[in-house]
Structures are given as structure tokens and as C-alpha cells.
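First up is the structure itself, then whatever we jot down about it.
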């Protein structure tokens, strides 16, 4: 449909119909069972006319149901306008992939794009049009439950993953490619910086920090073409994001040039009242529409109040018109006017969803996401060794993680099943093993297996409910009962390997007694197969942390790209009057970018093709990387830069590039990074981005801690 026809369609709509287009309702309101929607209708005080005109729908599941809902919606809508079916498809639809924090730890942008492509294909054939993904919130506090939805603590890495996710979800043309869905970047803005890591809590930071660290991920997703933006629950500079005119009108619309749809998070417009920034729902509606929020999710501040606000002159009808036109434009970009059922197809759904091809892709990506944190020569396991697999994660199918909406635990491959598929020599217990209070029978059975084994795999971790939305934790250690298992089993067999299923970086005190630690995250449907292949050396670990693990939760937030201080710890670590703790180091236990493999890799010194550069020149930084092991390996070579003197204090290092290279046993390769003046820019105190002449450290290595360094001079 041409834009002129969309404008004509808008002109045919009554004010009531336009206001209802701004309302998003959950699937229950369109149920064909009267008893399922009577309650919700009453709770929100909606009429059937409101429901017939509500512009978008949340959480419809399955091709058959999607077709039914769309068909009835169009028939009941006076102008036969289709609805948009939206849902949270975060790390897979039915085939579940590793949580985004695990995907980030793959440092593999092609894998992230493929995950999004497969997820979109399964969602689209099941009738959906929009996913509320990617979440690109930068997170530095692992206590925050939604860290599992993030790709970590670094703005550069987050930005690259944001682009990959959007490209995978949307493809090149949503209007004609019905295997794709529109992406909604969230949560705008800075939701991941909640004070104390407590979900929905206040965010408080300078505008310069917001621009430098938190906005780049959203901007990258928008530059990649994301069609929607979701508001965040938190405040930005004291104003709830959903009512923040500066954030959405000035920054998102004017600066970033975003022309797509802005949708509130669940009930976020009404929650402006609870924040204390609106007197009532009418006031909240006024603030949100003036801020530029187009769709209200699951509250009726707009529905109940916009008409009166327009009648009294408080709100211009033009604000409603522009919001409705953006929604109609999105429907048009999705091809819904010509193809209202779009990709929904029951037969194709049965053949596509959870297909063997998708399972194999999920297994491959899960392997890439897992991080070998520690290995004192006990891994990889050999099939000639007798291996006991014990602990709560041995038989667990709780590997999907939060936001795995359509995933089914009964379809998950367990670690034991994955090891059996490899033909490993296993000792396996039958007693159920609780995460928090394992029975004495389970422990005693496991002890006998541990005694008889050559090596022991102790599978530990969180359960799904322990991370995700509204799952913030002040204590990010494993449950005490699990820590006790490490102590107990180590007494009987020192060849102890711990595997971890979890949704956040953990405080691993009590786990370090193990000789090896494998971070498997919540790895998804094929998690057990992937983890077994890592343990038995079928795949050489290549994952690298996208977020630091603390020595203790008392260090949190602990992240690699910190600002220097006037009394830096490094200047005199044994002195008292420097920036330090008395009882623990300043550094993460396992830093950003860290991960081991079964093949040690050595780095040469860094060289530059010239020691100085002007703003118009490019300098090439080179390093030689050598696989000193006997197995081929993927190595992630990381380039960091430090600006030694800035107009504002600069971080001690910042990731500016990375390259994944394949090295055969004994092979060496020279890796090069192009250093341009653009890489040396930062946000100054006037909120403008530019560079300063002076010295810069160029650091290249296998993680943020272990790097080789040289110096570059930028001259005018």
C-alpha cells in the first residue's frame, strides 16, 4: 500500500478508532472461549468495540490460532485493518538457543544472526509478526536478573550483537520475506543500570555516561533497521522513561532519526503514577503521548483519557494521528494489508518448528557459547576413562532459561543423554538430585559413584526461575547445598570437574576446589549434547566471557573498562591509601573476554606500521598468534585502546575490535587491526563526540586482562 493510501485510511478513522489503534491487548482478549476473556475485559473496563479496534495483539500462539484471530479481527474491524501479532521471542521460539548472555560469550556475530534467523522462521510460520528483541541493555551488575537477556558489559560488543540480531530477525525485506519478523529493540534506555541490580529500580547517571556507554547499543540496532523501540521501566535523569520527552522526542527521533513505532513495556504508562511523576491515568496518558509513545501495552490510560485530553485542548489530535500513522506504516511494511496471515501456515509450521536442522544449529551455537573457565589438566575427558556424572544438573532438563516462551523441557537433551550419545563410559545415579536440598540417598549413591570413577563431572547451577525478569539476587553464589557437594565429593575423588547452568555471572567461591569449571549458561534445547561434546573434546572450547565474574559479590559492579582514579590501585597495591578493598583485589575473578581452550595460544609483541598518525591517516596494528597445542582452535583476538589523557577521565581500556581466527595445531597467523581517528573519539563534557591529540595505548590479546601493548601518538 502506498503512503498516500495510508494517509487516506487514517483520515477515514474516527477519533475513537484512532485511539484504540494505540492499545495493545493480550491474546486472551481474542480467545474463542468467552470465559477466558470475560475477566480481562472487566478488569480493564473495555468494550467489545475497543477490542475490535485495538491495533496490536500480544502473545497469540500457533499458526491455526493466529489465522483465526486475524480473520476475526479483520471481520470485526470497520475498516478491515489487520492487527499485528507480537511476542517475546528472545533466544529461540520452540528451538531454544543459549540465553543472550551465552550468545554474547560466543563472540560470534554470524551465530547470533543465525539464531535470530531460525527464531524468526519458526515464529513467522507460527503466525507472529514482531519479536520484542533484541534487548541491548548494557549490564555491569550480575545481581540484576535480566542480565541473562543482555550480551554483557561492553558497549562495542553489545552494538555488534545488536546489529546481528536485527539483521537475522528482519532480513532484507519484511514485506516479501514472510520467514522474517520485525525486531523491537529494548529497553530504551539504560534499564540495565538499575541501582543495586534490583529490577525496576531507579537509574541515575550523567548524560555523558548515558551517551558513551548505554546508548550505542540501541543506536546500532536502529541503524541496522529495527522497526520498533520499547520503553524501559526505569527513570532517566529522574523522569520515567515512558514519559521522558527528551529521551524519545529529542534523542530517539531527532538525533537518531528513528521513524518507527515506540511501544511501552507492560503497563509502563500507568506505572508513571507509581513513580510519582503523574497524578493519575489521565496525566500519565498526557505525558506519554507527548513523549512520543505510540502503543500502550496492557493498560488503558490512552483509551480512557485521550479523547477528553484532546477535547479540552491539553493534547493535540495531531499527536494521536502521527502515532497511528506509524502503526499503520509498520503494518504496511510487514505486508499485512495484502497478506494479513503473512507466513502463518499449519503444515509448514509442523515441518519447520523444532526441525532436526534447527536442533543441529542450536547445538552448534550452544557449543560456541560455553566458556572453559578453569582446567588443571583434567579436560578433555577420554572415552576410555570411567566418568561419574552427578549433581542436580546431571539429568536436568531445566536448561532453557527464562524467556523461552514456547520451549518445552521434555524436548531438552540432558547432559547424561549427551554423554551417552558419545559412547562415553559412564557411572550414572538414579536418585533424584534436588538443587537446594538433595536427599541423603542421592548423596550416598553419588559418593559411591565418585569413589569408583576415574574422573567426576559435578553438574551444578541455577534453576530457570533464579534469573530473568523480577529475579534479582543479592547473593549470587550457588545454593549452599551445591557448594557442600564440591567439598564432599572432592574428599573421595580429586579429579573433579564442575559444570554450570546459570543465567548470570556467579560468585564462584566454594567452586574453586574443582580442577576444572565449564560455564555452560542456560544452553537451550540441545544443551546436553553441546556440553558433552565440550567435556569429551569433540569440540575445543572457544567461548569468551562477555561479562566479568567477580571474586565476590562485594566487588559488584566489577567490569573491565573502569575509569582510572587519582589514587590508582596499580600504583601501589600494597599501600592502604589507594582505591582498593582491604579484603579482596579490585579485579574480577574471570575478566571480560576470558576463556580457555584445550590448546594454549601465544601472542607476540604488538607492532604498528607507524608510531604516529593524523586524523586522516590509518595505522595498522599487527600481532602474531600461535597455537602451541595439538588440537585446532578458534581464537578470539581482541583489540583494546586507552586514551592516556582526555578532556574527561577515560577508561583504562576499551574494546575497539575483535577477530575470530582458526588455528590448526602448531599454526601461526598474523592478525591486523586498522586504527583510525574515529576509534579514538569519545563523548566530551559538552556531549559532543571527538578525539584529542596525544598518546594512546594499543593493547591486543586473548582477553581484557592479558594483552600485549604499544603506544600510538595522534597529532594534529
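In UniProt numbering, the protein residues as written are 1 to 716. Ideal Cβ positions, reconstructed from N, Cα and C, are used throughout, including at glycine.
Using the DSSP secondary-structure output, state which residues sit across from residue i in a beta bridge.
i	result
residue 708	700
residue 57	25, 85
residue 519	371, 500
residue 613	714
residue 228	184, 261
residue 240	235
residue 563	651
residue 590	549
residue 608	621
residue 603	625
residue 633	663
Under 8 Å by Cβ, that's how I've got residue i and residue j pegged, so tell me the actual separation to the nearest angstrom.
i	j	result
residue 55	residue 22	6 Å
residue 521	residue 98	5 Å
residue 241	residue 232	4 Å
residue 633	residue 597	5 Å
residue 530	residue 355	About 18 Å; that fails the 8 Å criterion.
residue 134	residue 183	7 Å
residue 263	residue 294	7 Å
residue 353	residue 93	7 Å
Helix, strand or coil, according to DSSP, for residue i in the structure here?
i	result
residue 5	helix
residue 344	coil
residue 132	coil
residue 187	strand
residue 374	strand
residue 92	strand
residue 205	coil
residue 98	coil
residue 549	strand
residue 320	helix
residue 387	strand
residue 627	strand
residue 43	helix
residue 426	strand
residue 596	strand
residue 137	coil
residue 366	helix
residue 148	helix
residue 157	helix
Measuring only the C-alpha atoms, how far is residue i from residue j?
i	j	result
residue 315	residue 52	25 Å
residue 390	residue 109	34 Å
residue 751	residue 591	Within the shown structure, residues of the chain are numbered from 1 to 716, placing residue 751 beyond reach of any answer.
residue 118	residue 169	8 Å
residue 602	residue 667	11 Å
residue 145	residue 713	42 Å
residue 269	residue 550	36 Å
residue 471	residue 199	8 Å
residue 186	residue 582	39 Å
residue 317	residue 14	11 Å
residue 63	residue 345	6 Å
residue 30	residue 69	6 Å
residue 432	residue 453	20 Å
residue 105	residue 478	21 Å
residue 594	residue 401	23 Å
residue 613	residue 179	47 Å
residue 406	residue 147	21 Å
residue 675	residue 650	18 Å
residue 202	residue 193	8 Å
residue 663	residue 540	11 Å
residue 627	residue 501	29 Å
residue 284	residue 151	32 Å
residue 393	residue 123	29 Å
residue 113	residue 120	10 Å
residue 136	residue 450	43 Å
residue 497	residue 536	12 Å
residue 707	residue 622	13 Å
residue 101	residue 458	22 Å
residue 575	residue 567	10 Å
residue 287	residue 211	23 Å
Would you say residue i touches the ligand FMN, meaning its beta carbon is less than 7 Å from a heavy atom?
i	result
residue 533	With respect to small molecules bound, the structure shown includes none, and the ligand FMN cannot be examined in it.
Extract the residue ranges of the beta strand (DSSP E) inside the region 256 to 313, only unbroken runs of 3 or more that lie entirely within it. 261 to 263
Identify every run of the beta strand (DSSP E) within the UniProt domain "Fibronectin type III-like" (635 to 704), keeping only runs that are complete inside it and at least 3 residues long; order them along the chain. 654 to 663, 668 to 676, 694 to 701
Can you list, in chain order, the stretches of the beta strand (DSSP E) that have 3 or more residues and sit fully within the region 440 to 521? 455 to 461, 496 to 501, 516 to 519
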